[in-house]
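See structure below.
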Amino acid sequence: MRTFVIGDIHGHLTALQQVSKAANLRYDDLLITLGDYVDRGPDSKGVLDWIVQRSTSGKVIPLLGNHEQMMLAAHSDHDPDASELWMLNGGRMTLSSYGTNRKRGSIEDVPKQHWEFLERKCRLIYQTEQHFFVHGGIDPERGLEEQTELSLLWTRFDDAVPHPSGKIMICGHTPQASGKPRDLGYAICLDTCVFGGGWLTCLDLESKCYWQSDSRGEVRRGRLRTGSTSHGTGVKKVQRRDTRSDVWRRSTGQLFLDTSPLGFPTAAETPRY
Ligand SMILES: [Mn+2]
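Going by my numbering, the first residue of the sequence shown is number -12, and it counts up by one from there.
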């Protein structure tokens, strides 16, 4: 049995299917998903169907992301502000994935099975002997059992410091404009920005190999390098299309992302409460 970890999917079902295939993910492998299944991409419904289906017949440990938190709040609070916050963060795309040719999707079209999955199956933190898994991050001043939902779902990776427990943090949430996972040794961020012209990452925790797919299903692979903020290390397949603000460029055999990818998070990603 291997252990795989998948970063922020954001409605990109094609990429999810492609990384699973490329990693040769089997039903007896353990899959940990880091949250943010919905919003921004074209098929949030398809992504939730995929994870719910897999969790009924395989081993999945799903975490909750801040986007699922917003979706749940919009559903349960019947609070216009909660609903508006979700819409501002991509909720409209999610609802449209629940629609049909004849009917626009609404929150009533989200099946009970999806709500149950989000409410009951998705956790805020998962720990093993050596690692802990969260969507956003943690408050390093508090024990892992004493974290708040706000810290776990909304903390950004930029200021990550080692936790006194000595465990390695595996998280998503903070898009890495390099398109590569960021490995600080004590903390690894797997949000490689598939929604903004980047990649979806599936990491084999033990071997440190990872597979990536972009939103169109192009696949590449690489291997984590601790401390690597350098570009191109370990990545075998490296050609990219050039688009308006998503330009990858070859330089001394390495790749760079010159500009922020499309849809790069702005203030809308920061907590408002
Ligand atoms: Mn997030």
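Glycine included, every Cβ here is placed at the ideal spot set by N, Cα and C. Bear in mind that the values here come from a model prediction, so they are computed numbers and not experimental data.
Decide if residue i is buried, meaning its Cβ has at least 16 other Cβ atoms within 10 Å, or exposed.
{"i": "N203", "result": "Reading off the sequence, residue 203 comes out as Arg, not Asn. Counting Cβ neighbours within 10 Å, R203 comes out exposed, since fewer than 16 surround it."}
{"i": "P98", "result": "exposed"}
{"i": "Q163", "result": "buried"}
{"i": "G172", "result": "exposed"}
{"i": "M(-12)", "result": "exposed"}
{"i": "V6", "result": "buried"}
{"i": "S165", "result": "buried"}
{"i": "Y197", "result": "buried"}
{"i": "P67", "result": "exposed"}
{"i": "G130", "result": "exposed"}
{"i": "P151", "result": "exposed"}
{"i": "S200", "result": "buried"}
{"i": "L3", "result": "buried"}
{"i": "T135", "result": "exposed"}
{"i": "D261", "result": "Any question about residue 261 goes unanswered here, given that the chain covers just -12 to 260."}
Could you compute how far the alpha carbon of residue i sits from the alpha carbon of residue j?
{"i": "V148", "j": "T213", "result": "15 Å"}
{"i": "S63", "j": "E103", "result": "12 Å"}
{"i": "K195", "j": "R210", "result": "6 Å"}
{"i": "G33", "j": "L0", "result": "6 Å"}
{"i": "G153", "j": "Q117", "result": "8 Å"}
{"i": "D(-5)", "j": "T179", "result": "8 Å"}
{"i": "Q100", "j": "G185", "result": "30 Å"}
{"i": "L137", "j": "R91", "result": "32 Å"}
{"i": "F(-9)", "j": "G78", "result": "27 Å"}
{"i": "E95", "j": "A61", "result": "11 Å"}
{"i": "R264", "j": "R208", "result": "Residue 264 falls outside the range modelled here, since the chain spans only -12 to 260, and no answer is possible."}
{"i": "N88", "j": "L35", "result": "20 Å"}
{"i": "C176", "j": "I38", "result": "21 Å"}
{"i": "A10", "j": "L190", "result": "8 Å"}
State yes or no: is the C-beta of residue i nearer than 8 Å to some heavy atom of ligand 1?
{"i": "G123", "result": "yes"}
{"i": "N53", "result": "yes"}
{"i": "L137", "result": "no"}
{"i": "V17", "result": "Note on identity: in this sequence residue 17 is Leu, with Val being the wrong assignment. No; taking the cut-off as 8 Å, the Cβ of L17 has no heavy atom of ligand 1 nearer than that."}
{"i": "L140", "result": "yes"}
{"i": "D23", "result": "yes"}
{"i": "H150", "result": "no"}
{"i": "H62", "result": "no"}
{"i": "G159", "result": "yes"}
{"i": "D268", "result": "Here the chain covers residues -12 to 260 and nothing more, so residue 268 does not appear."}
{"i": "D(-5)", "result": "yes"}
Give the DSSP bridge partners of residue i, in chain order.
{"i": "S200", "result": "L187, V206"}
{"i": "M306", "result": "In this structure the chain extends from -12 to 260, so residue 306 is not present and cannot be described."}
{"i": "R41", "result": "For R41, which the question treats as bridged, DSSP gives no partner whatsoever."}
{"i": "V(-8)", "result": "I19, L190"}
{"i": "C109", "result": "In DSSP, C109 forms no bridge with anything."}
{"i": "K46", "result": "L17"}
{"i": "Q114", "result": "F119"}
Would the stretch 141 to 160 and the stretch 116 to 126 be scored as touching if the rule is three or more Cβ pairs under 8 Å?
-> Three or more Cβ pairs closer than 8 Å define a contact, and the stretch 141 to 160 meets that threshold against the stretch 116 to 126.
Any 3 or more C-beta pairs closer than 8 Å across the stretch 45 to 58 and the stretch 18 to 36 | yes
Can we say the stretch 128 to 143 touches the stretch 70 to 84, given the rule of at least three CB pairs closer than 8 Å?
-> no
Touching by the beta-carbon criterion (3+ pairs, under 8 Å), the stretch 56 to 72 and the stretch 38 to 45 | no
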